[in-house]
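Chemist: For any residue, its number in the working numbering is found by taking its place in the sequence shown, counting from 1, and adding 30. Built from N, CA and C at the ideal position, the CB exists for glycine as well. Remember, it's a predicted structure, so these values are computed and weren't measured experimentally.
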Amino acid sequence: MLRRLTAPVATLGGLVTAGIVDRALTPGVKPLTTAATSTLNTVGPIRLYQYEICPFCNKIKALLDLYRVPYETLEVNPLTKKEYKDIGSDYRKVPVAMLGEEQVNDSAVIAKVLLERIGAAGVVPAAELKHFSSPSALEWAEWSDKKFSVLLFPNITRSFSESFEAFGYVMQVPHFSLLDKVSNQFVGAFFMWLAQDSPALLEDLTAGKIKKKYFIDDERAALHAGIHEWLRDGVGDKPFAGGDKPNLADISVFGALKAIDRTAAHKEILAETSISPWYNRVKALVDPGNSCTLRQ
31 MLRRLTAPVA TLGGLVTAGI VDRALTPGVK PLTTAATSTL NTVGPIRLYQ
81 YEICPFCNKI KALLDLYRVP YETLEVNPLT KKEYKDIGSD YRKVPVAMLG
131 EEQVNDSAVI AKVLLERIGA AGVVPAAELK HFSSPSALEW AEWSDKKFSV
181 LLFPNITRSF SESFEAFGYV MQVPHFSLLD KVSNQFVGAF FMWLAQDSPA
231 LLEDLTAGKI KKKYFIDDER AALHAGIHEW LRDGVGDKPF AGGDKPNLAD
281 ISVFGALKAI DRTAAHKEIL AETSISPWYN RVKALVDPGN SCTLRQ
C-alpha cells in the first residue's frame with residue numbers, strides 16, 4: 031500500500047518542482063514603453079491585453095494597424111488571468127487597453143476612444159474619420175460584435191482536435207511558463223470541446239452555451255449564412271462596406287475572421303464561401319500586426 035502511494039506522490043512532487051523551476055526560468059512581462067509612440071506622440075503608449083483568438087481583440091489590432099498606430103500586446107492567461115494583477119483590475123474579460131495610465135474596457139469603447147485620439151492627433155482627416163464611423167458603419171460593427179463574432183467559437187471547437195488546434199497559440203506566448211502552455215492547450219481544449227455538446231458543464235463562454243443562447247443548430251451553416259448576409263447587405267457591390275476604403279464595419283468583420291486564421295476552419299470558410307476577395311482586400315490594407323512593436 032505504501033509503495034502504491036509513494037509513486038504518485040513522488041510524481042506530483044516532481045511536477046510541482048518542475049513547475050516552480052519552469053516559472054523561475056520563464057521571462058517576465060516587460061513594462062509598457064513609450065519607444066513605439068514616436069510617430070503618434072499624442073496618441074500615447076498603448077498596451078492591449080488580449081487572447082490571440084479573440085475576435086474583439088483582433089478588431090482593435092486591425093484598427094490600429096490600418097492607421098499605423100504603434101501598440102504592444104500582452105497575452106492573458108485564459109485559466110488564471112494573472113496578467114491583470116499588474117494593473118490592479120477586477121475586470122476579467124478581453125480586450126482591455128491601457129492607454130498610458132488609463133484603462134479602457136470593451137472593444138466598442140476602446141475603438142471609440144482610440145478614434146477620438148487618432149483624430150485629435152491629426153493623423154486622419156476629420157471627414158475620413160466621420161465616414162469611418164458613420165451610422166451605417168456603427169450598425170454593422172454592432173452586428174459583427176453581437177451576431178457574427180459569436181458564431182466563430184463553435185466553429186473552431188467542434189472536435190477535440192479542432193479545439194486543440196485553436197488553443198495552440200498559447201505555445202508561442204513568451205511569458206507563459208511551460209506549465210502554463212501545456213495546461214492551457216490541453217485543459218482549455220478539452221473543456222471547450224466537451225462543452226460543445228454539454229453546455230451545463232461550463233457556464234461561461236463555451237461553444238455549447240453560445241449555441242444554446244443564439245439558437246444555433248448547425249454552427250457552420252449559421253456562419254455561412256452570416257457571411258452571405260454581410261456580403262449581400264453590408265458590402266454589396268462595393269470593394270468595402272465603407273466604399274473605396276474600409277470602415278469600422280469592415281474592420282470588425284475582418285478582425286473576427288482574422289482571429290481564427292491559424293485554424294483549418296478558417297481555410298475551409300474562405301474556400302466554401304465568397305468572402306475571400308473582400309477579406310484579402312482588407313488584409314492588404316491592414317497588413318495585420320505591422321504596427322505591433324512588442325508581443326508578450
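1. Do the CB positions of isoleucine 90 and valine 180 come within less than 8 Å of each other?
2. Sorted by chain position, which residues of the same chain lie with C-beta nearer than 7 Å to asparagine 71's C-beta, five sequence neighbours on each side aside?
3. Using the beta-carbon count (16 or more within 10 Å), is tyrosine 81 buried or exposed?
4. Look at the alpha carbon of glycine 83 and the alpha carbon of glycine 152, and state the distance between them as a whole number of angstroms.
5. For serine 321, which of helix, strand or coil comes out of DSSP?
6. Return the CA-CA distance between phenylalanine 194 and valine 212, expressed in angstroms with no decimal places.
7. Give the secondary structure of glutamine 202 by DSSP, where H, G and I count as helix, E and B as strand, and everything else as coil.
8. Please report the distance separating the alpha-carbon of valine 134 from that of alanine 314.
9. The beta strand (DSSP E) spanning valine 402 covers which residue range?
10. Any contact between the stretch 155 to 162 and the stretch 185 to 200? By contact I mean 3 or more CB pairs, one from each, below 8 Å.
11. Out of Thr110, Leu109, Glu132 and Asn107, point me to the one whose CA is closest to isoleucine 117's CA.
12. Throw me the rounded Cβ distance for the threonine 103 and glutamine 326 pair, which I believe falls under 8 Å.
13. Which of the three DSSP states is assigned to glutamate 102 in this structure?
14. Mind checking which residues open and close the alpha helix (DSSP H) that includes isoleucine 299?
15. How many angstroms separate the CA atom of arginine 98 from the CA atom of asparagine 320?
16. With a floor of 3 residues, list each beta strand (DSSP E) that falls wholly inside the stretch 120 to 203, ordered by position along the chain.
17. Might you give, ordered along the chain, the residues of its own chain that have their beta carbon closer than 7 Å to the beta carbon of alanine 252, omitting 5 neighbours on each side?
18. On the three-state DSSP scale, how would you describe leucine 109?
19. In three-state terms, what does DSSP make of glutamine 326?
20. Is leucine 209 close to chain B, meaning its C-beta is less than 8 Å from at least one C-beta of that chain?
21. Which value, in whole angstroms, describes the spacing of the CA atoms of tyrosine 121 and asparagine 107?
22. In whole angstroms, give me the CA-to-CA distance for isoleucine 331 and valine 73.
23. On the CB-based measure, 16 or more other CB atoms within 10 Å of its CB, does tryptophan 223 come out buried or exposed?
24. Evaluate glutamate 249 with the Cβ neighbour count: other Cβ atoms within 10 Å of its Cβ, from every protein chain shown; 16 or more gives buried, anything less gives exposed.
25. Beta-carbon separation of proline 276 and leucine 96 under 8 Å?
26. Leaving out the 5 sequence neighbours to the left and right, which residues in its chain are closer than 7 Å to phenylalanine 197 when beta-carbon positions are compared?
Modeler: This is what the structure holds:
1. Locating residue 90 in the sequence shown gives position 60, counting from the first residue. Locating residue 180 in the sequence shown gives position 150, counting from the first residue. Isoleucine 90 places its beta carbon 8 Å or farther from that of valine 180.
2. In the sequence shown, the residue the question calls residue 71 occupies position 41. Since pLDDT at asparagine 71 reaches only 49, below the 50 mark, its modelled position is unreliable, and no value is offered.
3. Against the sequence shown, residue 81 aligns to sequence position 51. Burial call: buried.
4. If you number the sequence shown from 1, residue 83 lands on position 53. If you number the sequence shown from 1, residue 152 lands on position 122. It should be noted that the sequence gives isoleucine, not glycine, for residue 83. So the two alpha carbons sit approximately 32 Å from each other.
5. Within the sequence shown, numbered from 1, the residue matching residue 321 stands at position 291. Here serine 321 sits in coil by DSSP.
6. As a working mapping, residue 194 is identified with position 164 in the sequence shown. As a working mapping, residue 212 is identified with position 182 in the sequence shown. Going from the Cα of phenylalanine 194 to the Cα of valine 212 covers about 11 Å.
7. Here residue 202 corresponds to residue number 172 of the sequence shown, with the count starting at 1. Helix.
8. Stepping through the sequence shown from its first residue, residue 134 is reached at position 104. Stepping through the sequence shown from its first residue, residue 314 is reached at position 284. When only Cα atoms are considered, valine 134 and alanine 314 end up about 29 Å apart.
9. Any property of residue 402 remains undetermined from this structure, which presents the chain solely from 31 to 326.
10. Segments in contact, no.
11. Indexing the sequence shown from 1 puts residue 117 at position 87. By alpha-carbon distance to isoleucine 117, the top candidate from Thr110, Leu109, Glu132 and Asn107 is Glu132.
12. For the purposes of this step, residue 103 is taken as residue 73 along the sequence shown, with counting starting at 1. For the purposes of this step, residue 326 is taken as residue 296 along the sequence shown, with counting starting at 1. That pair is a contact at about 7 Å.
13. For the purposes of this step, residue 102 is identified with residue 72 of the sequence shown, where counting begins at 1. The three-state reading of DSSP puts glutamate 102 in strand, counting E and B together.
14. Translated into the one-based positions of the sequence shown, residue 299 becomes position 269. That run of the alpha helix (DSSP H) goes 294 to 302.
15. Position 68 of the sequence shown holds residue 98. Position 290 of the sequence shown holds residue 320. Going from the Cα of arginine 98 to the Cα of asparagine 320 covers about 8 Å.
16. As for any beta strand (DSSP E) of minimum length 3 sitting wholly inside the stretch 120 to 203, the runs are 126 to 129 and 132 to 135, ordered along the chain.
17. Here the question's residue 252 lines up with position 222 in the sequence shown. The beta carbon of alanine 252 sits closer than 7 Å to the beta carbons of Leu181 and Ile246 from its chain, once the five residues preceding and following it are set aside; these are given in chain order.
18. Here the question's residue 109 lines up with position 79 in the sequence shown. Coil at leucine 109, not helix or strand.
19. As a first step, residue 326 is located in the sequence shown; it is residue number 296 there, counting from the start. DSSP places glutamine 326 in the coil class of the three-state scheme, outside both helix and strand.
20. No chain B appears in this structure, which consists of one protein chain only.
21. On the sequence shown, residue 121 is found 91 positions in, with the first residue counted as 1. On the sequence shown, residue 107 is found 77 positions in, with the first residue counted as 1. In this structure, the CA atom of tyrosine 121 is about 14 Å from the CA atom of asparagine 107.
22. This structure cannot speak to residue 331, because the chain is shown only from 31 to 326.
23. Sequence index remark: in the sequence shown, residue 223 carries index 193 (1-based). When all chains shown are included, tryptophan 223 counts as buried.
24. Along the sequence shown, one-based indexing puts residue 249 at 219. Glutamate 249 should be labelled buried.
25. Reading the sequence shown from its first residue, position 246 is the one you call residue 276. Reading the sequence shown from its first residue, position 66 is the one you call residue 96. Yes, they are a contact pair.
26. Taking the sequence shown and counting its residues from 1, the one referred to as residue 197 is at position 167. Hits under 7 Å: Asn214, Gln215, Gly218 and Ala219.
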